[in-house]
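In the UniProt record's numbering, the protein residues as written are 1 to 32. Scroll down for the structure; my scribbles are underneath it.
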């Protein structure tokens, strides 16, 4: 099984790199 892992450190209001329905897990820090 081949998997891809990417880390984006940026403002979440513009995440155009991500395809719809492509996120399985998101970890954030408060207050989000």
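Using N, Cα and C, we set each Cβ at its ideal position, and we do this for glycine too. No experiment lies behind these values; they were computed from the predicted model shown.
Residue i and residue j closer than 8 Å at C-beta
i         : j         : result
residue 8 : residue 1 : no
Alpha carbon of residue i to alpha carbon of residue j, nearest angstrom
i          : j          : result
residue 23 : residue 13 : 15 Å
residue 42 : residue 19 : Summary: the structure shown does not reach residue 42, with the chain confined to residues 1 through 32, and so no result is reported for it.
residue 17 : residue 28 : 18 Å
residue 25 : residue 31 : 17 Å
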